[in-house]
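Student: Dropping the structure in here first, questions after.
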Ligand SMILES: [Zn+2]
């Protein structure tokens with residue numbers, strides 16, 4: 004959705020994006036990587052207005068923070 008600008012479920016192009024899940028940009032209420040909100044990583048949500056499918060993306064710059072968090076669990080290990 005983020006890259007194709009098209010819904011992967013129904014093919015619609017009627018999409019909207021809520022940056023930081025609609026919270027103010029200076030707040031961090033996405034994924035908690037530590038014990039305080041200061042450790043949170045921002046999440047952007049893409050929504051299909053036709054079938055209501057939603058998809059979430061984090062910024063590439065957040066990946067190191069996410070990988071270093073003890074709360075995350077690698078799937079392929
Ligand atoms: Zn759709």
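In our numbering, the protein residues as written are 4 to 80.
All C-beta atoms, glycine included, are put in the ideal place defined by N, C-alpha and C.
1. I'd like to know if the segment 61 to 79 and the segment 9 to 25 are in contact, where contact means that at least 3 CB-CB pairs between them fall below 8 Å.
2. Below 8 Å, is the gap between the Cβ of residue 49 and the nearest heavy atom of ligand 1?
3. Nearest-angstrom Cα distance between residue 35 and residue 75?
4. State the start and end residues of the unbroken beta strand (DSSP E) segment that holds residue 19.
5. Judging by CA-CA distance, which residue of 26, 59 and 79 is the nearest neighbour of residue 10?
Tutor: To lay it out plainly:
1. Contact between the segment 61 to 79 and the segment 9 to 25 is absent: fewer than three C-beta pairs spanning the two stretches fall below 8 Å.
2. The answer is no for residue 49.
3. CA-CA distance, residue 35 to residue 75, rounds to 10 Å.
4. From DSSP, the beta strand (DSSP E) with residue 19 extends over 18 to 21.
5. Comparing C-alpha distances from residue 10 to each of 26, 59 and 79 shows the shortest one belongs to 59.
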